[in-house]
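Student: In our numbering, the protein residues as written are 5 to 592. Structure in structure tokens, see below.
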Ligand SMILES: [Zn+2]
């Protein structure tokens with residue numbers, strides 16, 4: 005009898021204990037996700053109960069919400085500096101960058117609870133420190149409702165894709181316009197996590213996989229890290245996920261939308277996105293995409309499993325990965341790296357590999373409503389398709405790297421952002437005049453509608469070498485540093501996410517001084533009379549270009565452009581490239 009009482013007591017204690025630590029999501033029978041306040045409450049509760057956890061905040065959103073972070077370390081080390089003294093790897097888990105796609109928050113809270121409260125995986129904190137951001141887009145998360153994700157099967161209500169400023173954080177990594185991203189970049193560059201995971205829910209076609217992923221294997225990632233990812237990370241991950249009942253495949257994007265038999269294609273991720281950004285920082289970044297039609301419980305469980313298995317692999321691989329990253333950082337800062345042209349844009353290779361794709365039977369019907377092709381997937385009829393995967397990329401645009409870049413002091417928005425990206429630079433103490441390489445822009449055109457609140461620009465480039473004077477305070481950025489790929493991606497105009505592309509330099513494309521036509525009429529006559537070479541150039545142009553010959557405005561503009569009054573800085577890139585090491589050394 006007494007034994008029974010003790011058993012019942014123990015049972016009820018352990019039941020109460022388990023119940024006490026149930027998350028909001030578990031209590032809702034796996035159908036709902038908690039709001040911001042409830043999420044923070046649970047995070048703080050974990051931190052109060054466990055010596056392994058500290059609750060921190062790393063910034064404030066435009067609507068005034070704090071950006072939450074749990075630091076999990078079994079030795080109670082909660083700063084980047086303290087953890088860096090140990091041989092642990094840092095694993096950063098980010099949820100809710102698109103806060104309607106919130107699986108990562110509920111998976112991460114359970115995983116940390118299972119690690120530090122239930123001690124379910126006693127050794128998974130031995131060699132890894134976890135940083136967990138349960139909600140990145142905190143304002144977007146509180147635009148809460150049932151109609152935020154038309155394709156998505158749960159939770160009952162969820163947040164919105166973008167921030168309160170209507171900006172997509174997962175396009176903001178390099179340009180860093182949002183306060184959230186500026187805070188994130190400071191955090192990222194303080195910790196420099198060896199492994200980064202960003203949790204999403206995908207849209208697109210229907211298929212069997214509950215979890216898909218992308219990790220940079222094709223683009224600007226360091227070759228040693230690509231080898232580590234291919235050989236040491238992905239094979240055990242695939243095997244472990246399969247064993248957990250979640251077969252995985254690379255991010256699914258068909259060459260013809262929704263049509264598996266057209267074949268799958270991949271791409272080199274640009275640094276506006278998280279996994280492309282960590283690649284230019286020489287660190288692997290995993291994009292986790294659960295499938296929108298799977299129910300919420302399946303998706304959260306799938307996310308939990310891929311995070312847990314990644315943690316297992318990192319506990320085995322931490323030393324190798326840290327060494328691989330240290331080698332990559334050293335290489336990127338070396339003269340050997342700057343000697344070779346850097347690829348800043350990739351294009352798909354025509355090569356493909358045949359793969360088995362776990363899809364569903366489907367049919368393409370001519371719609372009697374829209375008149376378009378209507379793909380109808382039969383999720384009760386699984387089917388394995390043998391399809392080509394176009395999974396190779398080749399260089400498209402390469403640029404020559406300088407020994408240093410120099411940005412005139414007045415381009416403050418650009419210089420400020422360098423700091424957030426962990427880029428070192430010095431300010432010129434006095435003005436200097438120096439010969440630099442740079443670019444002249446032509447065939448400039450602007451996008452018709454804004455993109456991420458900016459007016460993006462496309463153009464052609466001509467190389468330019470000239471003597472320029474840079475004022476005191478201008479930023480001199482030595483490429484002899486581990487962030488050299490970040491610097492080149494910001495400052496090389498042709499890079500996909502260059503600050504020229506994002507419109508930071510749009511003002512240089514504007515003409516700001518004018519001449520009256522009657523003044524130019526006289527001046528043109530004087531030019532023709534005094535310069536025989538110019539006169540013959542004008543006559544050739546006049547004879548060969550009938551549109552020009554019929555346009556008084558174009559003719560006067562031609563003379564203005566050839567006169568000393570023309571603005572020599574218009575359509576010229578203000579940033580200079582210093583190509584001689586010696587020249588750089590003398591400036592420091
Ligand atoms: Zn997303």
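The beta carbon of each residue, even a glycine, is placed where N, CA and C say it ideally should be. The structure presented is a predicted model; accordingly, all values stated were derived computationally and were not measured.
Whole angstroms are fine: how far does the CA of residue 437 sit from the CA of residue 271?
Tutor: Going from the Cα of residue 271 to the Cα of residue 437 covers about 42 Å.
Student: Under a three-way DSSP split, which group does residue 426 fall into?
Tutor: In the structure shown, residue 426 sits in coil (DSSP, three-state: anything other than H, G, I, E or B).
Student: Tell me whether residue 114 is buried or exposed, calling it buried when 16 or more other Cβ atoms sit within 10 Å of its Cβ.
Tutor: Buried, since its Cβ has 16 or more Cβ neighbours within 10 Å.
Student: Between the alpha carbons of residue 418 and residue 574, how many angstroms are there, rounded?
Tutor: C-alpha separation (whole angstroms): 19 Å.
Student: Can you tell me the Cα-Cα spacing of residue 106 and residue 117, whole angstroms?
Tutor: Distance between the alpha carbons of residue 106 and residue 117 is about 18 Å.
Student: Does the beta carbon of residue 420 fall short of 7 Å from some heavy atom of ligand 1?
Tutor: Checking the Cβ of residue 420 against ligand 1 gives no.
Student: Would DSSP call residue 528 helix, strand or coil?
Tutor: In this structure, residue 528 counts as helix in the three-state DSSP scheme.
Student: In this structure, does DSSP put residue 142 in helix, strand or coil?
Tutor: Helix.
Student: Identify which residue in 281, 322 and 463 has its Cα closest to the Cα of residue 198.
Tutor: Out of 281, 322 and 463, 322 has the C-alpha closest to the C-alpha of residue 198.
Student: Kindly indicate the opening and closing residues of the beta strand (DSSP E) around residue 359.
Tutor: Start and end: 357 to 370.
Student: Ligand 1 and residue 395: does the residue's C-beta get closer than 7 Å to at least one heavy atom of that ligand?
Tutor: No.
Student: Give me the Cβ distance between residue 72 and residue 99, rounded to the nearest whole Å; I'm assuming they're in contact under 8 Å.
Tutor: Going by Cβ atoms, the distance from residue 72 to residue 99 rounds to 10 Å, so no, they are not a contact pair.
Student: Please go through the same chain and pick out, in chain order, the residues whose beta-carbon is closer than 7 Å to the beta-carbon of residue 506, but skip the five residues on each side of it.
Tutor: Closer than 7 Å at the Cβ level, and outside the excluded window around residue 506, lie 179, 458 and 460.
Student: Three Cβ pairs or more, each shorter than 8 Å: is that satisfied between the segment 437 to 456 and the segment 375 to 394?
Tutor: Not touching, per the Cβ criterion.
Student: Please go through the same chain and pick out, in chain order, the residues whose beta-carbon is closer than 6 Å to the beta-carbon of residue 186, but skip the five residues on each side of it.
Tutor: Counting only Cβ-Cβ distances below 6 Å, and skipping sequence neighbours, we find 180 and 424.
Student: Rounded to whole angstroms, what is the Cα-Cα separation between residue 92 and residue 76?
Tutor: Answer to the nearest angstrom: the Cα atoms are 12 Å apart.
Student: Am I right that residue 264 and residue 389 are in contact with their C-beta atoms under 8 Å? What's the rounded C-beta distance?
Tutor: Yes, residue 264 and residue 389 are in contact; Cβ-Cβ is about 5 Å, under 8 Å.
Student: Compute every distance between the C-beta of residue 105 and the non-hydrogen atoms of ligand 1, then say whether any falls below 7 Å.
Tutor: Flag set: Cβ of residue 105 near ligand 1.
Student: Run the proximity test for residue 174: is its beta-carbon closer than 7 Å to any non-hydrogen atom belonging to ligand 1?
Tutor: Yes, Cβ of residue 174 sits closer than 7 Å to a heavy atom of ligand 1.
Student: Report back the beta-carbon spacing between residue 335 and residue 226 to the nearest angstrom; my notes put them in contact at under 8 Å.
Tutor: With a Cβ gap of about 7 Å, residue 335 and residue 226 count as contacting.
Student: Taking a contact to mean a Cβ-Cβ separation below 8 Å, would you say residue 427 touches residue 491 in this structure?
Tutor: Yes, they are a contact pair.
Student: Please identify the residue among 182, 86, 174 and 97 whose C-alpha is closest to the C-alpha of residue 64.
Tutor: Of 182, 86, 174 and 97, the residue nearest in Cα terms is 182.
Student: Following the continuous beta strand (DSSP E) through residue 98, name the residue where it begins and the one where it ends.
Tutor: Residues 93 to 99.
Student: So the alpha helix (DSSP H) residue 440 belongs to, where does it begin and stop?
Tutor: Taken as a continuous stretch (DSSP letters only), residue 440 belongs to no alpha helix (DSSP H), being part of the beta strand (DSSP E) at 436 to 450.
Student: What three-state label does DSSP hand residue 504 in the structure shown?
Tutor: Coil.
Student: Would residue 64 pass as an interface residue toward chain B - the criterion being a Cβ-Cβ separation below 8 Å?
Tutor: Reference to chain B is not applicable here, since this structure consists of a single protein chain.
Student: Quick check on residue 587: does DSSP put it in helix, strand or coil?
Tutor: Three-state DSSP puts residue 587 in a helix.
Student: Considering only heavy atoms of ligand 1, does any lie closer than 7 Å to the CB of residue 204?
Tutor: Yes.
Student: Counting only runs that start and end within the segment 230 to 265, where is the alpha helix (DSSP H) found for 4 or more residues in a row?
Tutor: Fully enclosed alpha helix (DSSP H) runs of 4 or longer: 238 to 247.
Student: Starting from the N-terminal side, write out each stretch of the alpha helix (DSSP H) that is 4 residues or longer and does not extend beyond the segment 124 to 209.
Tutor: 142 to 145 and 183 to 195, all fully within the segment 124 to 209.
Student: By how many angstroms is the C-alpha of residue 462 removed from the C-alpha of residue 260?
Tutor: Each residue's Cα considered, the two are about 26 Å apart.
Student: Using only the alpha-carbon positions, how far apart do residue 292 and residue 278 sit?
Tutor: Cα to Cα, the separation comes out at about 11 Å.
Student: Where residue 516 and residue 403 are concerned, what is the direct C-alpha to C-alpha distance, given to the nearest angstrom?
Tutor: So the two alpha carbons sit approximately 31 Å from each other.
Student: Name the residue from 533, 493, 476 and 578 whose alpha carbon lies nearest to the alpha carbon of residue 513.
Tutor: Residue 578 is the option with its Cα nearest to residue 513.
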